[in-house]
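Contents: one structure, followed by commentary.
Numbering (my numbering), first residue to last: 1 to 259.
Shown next, in the form of structure tokens:
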């Protein structure tokens with residue numbers, strides 16, 4: 001007899017979450033730890049990672065931290081190799097690290113902005129998939145969840161952000177491409193495509209306060225998403241409850257893409 005609740009458990013597994021010190025990443029760490037996983041917060045900012053660790057300790061979850069700049073493929077490989085050697089395996093990878101920028105028209109986009117957004121949002125996802133995934137492929141076991149965006153499907157309005165939208169669309173297709181390669185090798189790769197989520201990152205968007213009424217008007221549910229609502233989807237995709245899912249891009253957008 002199948003135990004559906006047990007399929008959602010992650011006991012005995014190790015999960016690493018990039019950008020795990022705050023926002024969606026921290027909520028993912030909380031969800032994965034609550035479901036039984038050993039969690040590693042990976043963040044480029046050691047102070048943010050430490051604060052996230054202390055926050056989770058206050059909720060009864062002891063987690064580790066590691067410094068990680070996802071834009072540095074050499075460092076990513078070194079961290080993946082060290083953690084797999086020391087912990088036995090990293091069974092779950094959540095590629096959450098990302099940056100949000102908007103407000104610059106395509107024809108005015110400086111090289112630095114394009115390169116910075118894509119280096120974190122797209123290249124960083126690939127470097128981590130490659131470094132941690134090669135260990136999963138060898139073990140013929142593992143689950144990867146990438147954080148994409150509804151912006152990979154639609155053109156946000158009224159703000160201009162072709163550089164961001166393109167980076168997330170790339171993550172979606174990368175997810176499907178790697179999933180197809182690794183499915184016969186026992187490794188599942190999926191993605192979550194969130195709507196606007198109420199996090200500090202959202203506040204970094206130029207003119208966010210003025211744009212918010214437009215975003216809410218375009219959302220059937222009429223509200224922003226919360227980090228825990230994305231973390232729940234991530235934790236499900238990381239679990240055996242999603243054992244038939246790979247290459248899926250799961251929209252969690254309050255109905256935004258319905259219109």
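We put the beta carbon where it would ideally sit given N, CA and C, even for glycine.
Short Cβ contact (8 angstroms threshold) for residue 156 with residue 165: Numbered from 1 along the chain shown, position 156 holds the residue referred to as residue 156. Numbered from 1 along the chain shown, position 165 holds the residue referred to as residue 165. Yes, they are a contact pair.
Can you check whether the CB of residue 194 is closer than 8 angstroms to the CB of residue 261? Residue 261 is absent from the model: the chain starts at 1 and stops at 259.
Once DSSP output is grouped into helix, strand and coil, what is the label at residue 156? In the chain shown, residue 156 corresponds to position 156, counting from 1. In the structure shown, residue 156 sits in coil (DSSP, three-state: anything other than H, G, I, E or B).
State the CB to CB distance for the pair residue 135 and residue 90, rounded to an integer number of angstroms; the pair is presumed to be in contact (CB under 8 angstroms). In the chain shown, the residue the question calls residue 135 occupies position 135. In the chain shown, the residue the question calls residue 90 occupies position 90. Contact holds; Cβ gap of about 7 angstroms.
Rounded to a whole number of angstroms, what is the C-alpha to C-alpha distance between residue 245 and residue 108? Here the question's residue 245 lines up with position 245 in the chain shown. Here the question's residue 108 lines up with position 108 in the chain shown. Answer to the nearest angstrom: the Cα atoms are 40 angstroms apart.
CA nearest to the CA of residue 191, picked from 185, 198, 200 and 179: Locating residue 191 in the chain shown gives position 191, counting from the first residue. When each option's Cα is compared against that of residue 191, the closest is 179.
Three CB pairs or more closer than 8 angstroms across the region 39 to 54 and the region 101 to 116: no
Helix, strand or coil for residue 12? Go by DSSP, reduced to three states. Start at 1 with the first residue of the chain shown, and residue 12 comes out as number 12. Residue 12: coil per DSSP, three-state reduction.
Helix, strand or coil, according to DSSP, for residue 80 in the structure here? Here residue 80 is taken as the residue at index 80 of the chain shown, counted from 1. Of the three classes helix, strand and coil, the one that applies to residue 80 here is helix, per DSSP.
Tell me where the alpha helix (DSSP H) around residue 6 begins and ends. If you number the chain shown from 1, residue 6 lands on position 6. First-last of the alpha helix (DSSP H) with residue 6: 4 to 7.
May I have a chain-ordered list of the alpha helix (DSSP H) segments no shorter than 4 residues that lie completely inside the region 94 to 122? You should have 111 to 118.
Can you give me the C-alpha to C-alpha distance between residue 144 and residue 209, rounded to a whole angstrom? For the purposes of this step, residue 144 is identified with residue 144 of the chain shown, where counting begins at 1. For the purposes of this step, residue 209 is identified with residue 209 of the chain shown, where counting begins at 1. Near 33 angstroms, if we compare the C-alpha coordinates of residue 209 and residue 144.
Element boundaries [alpha helix (DSSP H), containing residue 211]: Position 211 of the chain shown, counted from the start, is the residue given in the question as residue 211. From DSSP, the alpha helix (DSSP H) with residue 211 extends over 208 to 217.
Residue 128: buried (16+ other C-beta within 10 angstroms of its C-beta) or exposed? Position 128 of the chain shown, counting from 1, holds the residue named residue 128. With 16 or more Cβ atoms within 10 Å of its Cβ, residue 128 is classed as buried.
Taking its Cβ as the centre, do 16 or more other Cβ atoms sit within 10 Å of residue 218, making it buried, or is it exposed? The residue labelled residue 218 in the question sits at position 218 within the chain shown. Under this definition residue 218 is a buried residue.
Do the region 12 to 25 and the region 45 to 60 meet, that is, are 3 or more Cβ pairs less than 8 angstroms apart? yes
Looking only at C-alpha atoms, which of 56, 139, 196 and 98 sits nearest to residue 214? One-based indexing of the chain shown puts residue 214 at position 214. It is 196 whose Cα lies nearest to the Cα of residue 214.
Spatial neighbours of residue 250 within its chain, please: CB distance less than 8 angstroms, with the 5 preceding and 5 following residues excluded, ordered by chain position. In the chain shown, residue 250 corresponds to position 250, counting from 1. Only 190, 191, 192, 193, 233 and 237 meet the Cβ criterion.
Going by DSSP, what residues sit across from residue 64 in a beta bridge? Position 64 of the chain shown, counted from the start, is the residue given in the question as residue 64. 40, per the DSSP bridge assignment.
Helix, strand or coil at residue 251 according to DSSP, with G and I counted as helix: Against the chain shown, residue 251 aligns to sequence position 251. Residue 251: strand per DSSP, three-state reduction.
Pull up the distance between the alpha-carbon of residue 198 and that of residue 81, whole angstroms please. For the purposes of this step, residue 198 is taken as residue 198 along the chain shown, with counting starting at 1. For the purposes of this step, residue 81 is taken as residue 81 along the chain shown, with counting starting at 1. So the alpha carbons of these two residues sit roughly 34 angstroms apart.
So for residue 194, helix, strand or coil by DSSP? Counted from its first residue, the chain shown places residue 194 at position 194. Note: residue 194 maps to strand in three-state DSSP.
Quick one, which of 176, 171, 61 and 8 has its alpha-carbon nearest residue 122's? For the purposes of this step, residue 122 is identified with residue 122 of the chain shown, where counting begins at 1. The option with the nearest alpha carbon to residue 122 is 171.
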